[in-house]
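Worksheet for the structure shown next.
Number of protein chains: 2
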Amino acid sequence: MINLLVIGTIAYDSIESPFGKVENVLGGSALHFTNAASFFTDVGIVAAVGRDFDLKDIKFLEERNVDIRGISIEEGNTFRWEGRYGYDLNQAITLKTELNVIERFKPHIPDDYLSADFIFLANIDPELQTYVIDQIKRPAIIVLDTMNFWIENKFSALMDAVKKVDMIIVNESELREMTKEYSLVKAARKIMELGPSCVVVKRGEYGVFMAERNGLFLAPAFPLEEVFDPTGAGDTFAGGFMGYLANVGNVNPETIKQAIIMGSVMASFNVEDFGINRIKRLGYDEIKDRYTAFKRCLNFGDIKFK
Amino acid sequence: MINLLVIGTIAYDSIESPFGKVENVLGGSALHFTNAASFFTDVGIVAAVGRDFDLKDIKFLEERNVDIRGISIEEGNTFRWEGRYGYDLNQAITLKTELNVIERFKPHIPDDYLSADFIFLANIDPELQTYVIDQIKRPAIIVLDTMNFWIENKFSALMDAVKKVDMIIVNESELREMTKEYSLVKAARKIMELGPSCVVVKRGEYGVFMAERNGLFLAPAFPLEEVFDPTGAGDTFAGGFMGYLANVGNVNPETIKQAIIMGSVMASFNVEDFGINRIKRLGYDEIKDRYTAFKRCLNFGDIKFK
Chain A
1 MINLLVIGTI AYDSIESPFG KVENVLGGSA LHFTNAASFF TDVGIVAAVG RDFDLKDIKF
61 LEERNVDIRG ISIEEGNTFR WEGRYGYDLN QAITLKTELN VIERFKPHIP DDYLSADFIF
121 LANIDPELQT YVIDQIKRPA IIVLDTMNFW IENKFSALMD AVKKVDMIIV NESELREMTK
181 EYSLVKAARK IMELGPSCVV VKRGEYGVFM AERNGLFLAP AFPLEEVFDP TGAGDTFAGG
241 FMGYLANVGN VNPETIKQAI IMGSVMASFN VEDFGINRIK RLGYDEIKDR YTAFKRCLNF
301 GDIKFK
Chain B
1 MINLLVIGTI AYDSIESPFG KVENVLGGSA LHFTNAASFF TDVGIVAAVG RDFDLKDIKF
61 LEERNVDIRG ISIEEGNTFR WEGRYGYDLN QAITLKTELN VIERFKPHIP DDYLSADFIF
121 LANIDPELQT YVIDQIKRPA IIVLDTMNFW IENKFSALMD AVKKVDMIIV NESELREMTK
181 EYSLVKAARK IMELGPSCVV VKRGEYGVFM AERNGLFLAP AFPLEEVFDP TGAGDTFAGG
241 FMGYLANVGN VNPETIKQAI IMGSVMASFN VEDFGINRIK RLGYDEIKDR YTAFKRCLNF
301 GDIKFK
């Protein structure tokens, strides 16, 4: 039985950064997410790949209890993305996008997946997100991600989906674009007025901002000496975040905050190598050690006032 | 006896932000710094003003034990700066700078000031910073700030000053420009190789990064609903930071981290109104309350691993 369901993309990425260049490496939102989440809970993945996809490449996920029956192999080629990063690595320049099988993707969700307690709708067409939400038969914590393309081209479908979920995870610029508010505090409040009880805002190398009904939380990013490839960092964060939540089994504010720290830990690994490589070879002890190192960078004791 | 000496500017600022417009309000690095630091320790301020300056305007500082004998009134007008902020408030657009008395400023430091245990060299000509350092007769913790203008125009003089101080406090972009390193971890290491044992990096709304010989520290900024005027936020941060250090009387890593939190608390007040207004009317209890609120936004308990 899976505990966490993700619906998103599997891709072949070609990436250029100041540190090197790779071609046709495994990527996509659902794969980055699953790669991270599978350290913490049993994940079921729903995504489409093409005839060119070799399932052997994701064999390692099954060793981490990932259920891959939700991956459907369809006529045509796997989704491909080609991008480049400049020196500051904050913004990807998309060089080429071949949607291929994604273009007509209609997720087929194995029946038993729909009993998962935690569901992550990665960045896909908001109409598909709603299509998935409507199939869910029992209470679950549903979390949604999106991107500027949908904000700009399917705003009202996106808002319909947002209204039906428990949390959203978005980038800082996306939240501002969605709400027309510069202030994250105000922007998050606008989203919470629509339905979600929690808004998680990714700020890249600057960490994460979170708002829930009773408070705010801020976490810096783990300080790395060098970032090799930020592709998939956001989905990896979401994977660590939701994997942790699903493992603990609740969404109390305290659990959400710890899940953000865990998501940040996982994202810090992801950017240390191209594609999914770093987290593919990651050990659980490394996660513990990085958490300890991260906590040391955040702790300041307590100030005593006179 | 003063405990903390600051050398910098006093200015009349004219500021436009999306929230309003003010003309000829009190500002300048030394004044913003002192305004914040005087909540924590006895400050002596060294700066030049013109004949147009009315000392009654800073009368309130004397009530906070600030020693203003170091302010010299010189022929000509007080330094004036005119700037505007766009919607994102991260970058000031300078509309006009009238150096006036600053142009030929040669700080005259009262003799007893030179026995202060903590010294802050605000953003002034690095040759003047060295001129001040060379007058100091006994061990003191010396901290230096600078700006892109000096990095671009007096780089070698600046590096001479940097070599002689214990810490530097700079903006993220300034540190990168100084070291030609994008990675803050690497950039801070380069500075520490020159002499300083601690590098404090201001990242505006994203908080603070700190490196010392044995570790790193990261603090987000306090989340505000609205930022009215960021002018002086960096100097206010430095004032809270150094005021706290001078009050505690040491520069252990733990004290430095707490000082960063206190600096962040003070900076969060500064941006809530134009110029020095907010901190001028601030009460000590408000500082305590904001610290408590800030701590709540940063605390995530502890993650237990299996």
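Residue numbers (the working numbering), protein chains in the order written: chain A, 1 to 306; chain B, 1 to 306.
Just so it is clear, CB atoms sit at the ideal spot from N, CA and C, and this is done for glycine as well.
Bear in mind the structure is a predicted one, so any value in this text is a computation, not a measurement.
- The residue from B:A30, B:K96, B:K163 and B:V201 with its alpha-carbon nearest to that of D134 (chain B) is B:K163.
- CA-to-CA, the gap between L4 (chain B) and I169 (chain B) works out to about 16 Å.
- The Cβ of D88 (chain A) sits closer than 9 Å to at least one Cβ of chain B.
- In the structure shown, D57 (chain A) adopts helical secondary structure according to DSSP, grouped into three states.
- In chain order, F269 place their CB closer than 7 Å to the CB of L282 (chain A), counting only its own chain and leaving out the 5 sequence neighbours on each side.
- Taking 4 residues as the minimum length, the alpha helix (DSSP H) runs contained wholly in the stretch 26-56 of chain A are 29-37, in order along the chain.
- Taking a 10 Å sphere around the C-beta of M1 (chain A), we find fewer than 16 other C-beta atoms and assign the residue as exposed.
- Taking the CA atoms as reference points, E75 (chain B) sits about 22 Å from N123 (chain B).
- Counting the other CB atoms within 10 Å of its CB gives Q91 (chain A) a total below 16, which places it among the exposed residues.
- At a cut-off of 9 Å between beta-carbon atoms, A221 (chain B) makes contact with chain A.
- Taking 7 Å as the cut-off between beta carbons, the residues of the stretch 286-303 of chain A near chain B are K288, Y291, R296, C297, L298, F300, G301 and I303, in sequence order.
- For S14 (chain B), the pairing in a beta bridge is given by DSSP as B:E82.
- Shown in chain order are the members of the stretch 256-281 of chain B whose Cβ falls below 8 Å from a Cβ of chain A: K257, Q258, I260, I261 and M262.
- Cβ contact annotation for V248 (chain B) (same chain, cutoff 7 Å, sequence separation greater than five): T255, in chain order.
- Taking a cut-off of 8 Å for Cβ pairs, the stretch 222-236 of chain A and the stretch 176-190 of chain A do not touch, as fewer than three such pairs fall below it.
- Nearest neighbour of R84 (chain B) by Cα position, chosen from B:P139, B:L216 and B:E23, turns out to be B:E23.
- Interface flag for F19 (chain A) against chain B is unset, since no Cβ pair is found closer than 9 Å.
- Secondary structure in the stretch 59-123 of chain A: the alpha helix (DSSP H) runs of 4 residues or longer, each lying completely within the stretch, are 59-62 in chain order.
- Across the structure, I93 (chain B) and I15 (chain B) are spaced so that their CA atoms are roughly 10 Å apart.
- Separation of K280 (chain B) and T292 (chain B) (C-alpha to C-alpha, rounded to the nearest whole angstrom) is 21 Å.
- By the Cβ test, the stretch 257-271 of chain A is not in contact with the stretch 218-227 of chain B, since fewer than three Cβ pairs between them sit closer than 8 Å.
- Under the Cβ criterion of 9 Å, F33 (chain A) is not counted among the residues facing chain B.
- In this structure, A219 (chain A) places its C-beta atom within 9 Å of the C-beta atom of F300 (chain B).
- Pairing L158 (chain B) with E172 (chain B) gives a Cβ-Cβ distance that is not under 9 Å.
- Taking a C-beta distance under 9 Å as the contact criterion, E98 (chain A) and R80 (chain A) qualify as a contact pair.
- Interface criterion not met: the Cβ of K164 (chain B) is under 9 Å from no Cβ in chain A.
- For E212 (chain B), the enclosing beta strand (DSSP E) stretches over residues V208 to E212.
- Counting along the chain, no alpha helix (DSSP H) covers M167 (chain A); the unbroken beta strand (DSSP E) around it starts and ends at M167 to N171.
- Proximity of R84 (chain B) to chain A, defined by a Cβ-Cβ separation below 9 Å, is not satisfied.
- K180 (chain B) and E152 (chain B) have their C-alpha atoms some 12 Å from each other.
- Contact between the stretch 109-124 of chain A and the stretch 132-147 of chain A is established, with three or more Cβ pairs separated by less than 8 Å.
- Its chain contains S14, L95 and K96 as the residues whose beta carbon lies nearer than 6 Å to that of E82 (chain B), once the 5 sequence neighbours on both sides are disregarded; these appear in chain order.
- The three-state reading of DSSP puts I276 (chain A) in coil, since its state is none of H, G, I, E or B.
- In chain order, Y87 and D88 make up the part of chain A whose C-beta sits under 7 Å from the C-beta of Y182 (chain B).
- Only exposed fits D111 (chain B), as fewer than 16 other CB atoms lie within 10 angstroms of its CB.
- At least 9 Å separates the CB of F241 (chain B) from every CB of chain A.
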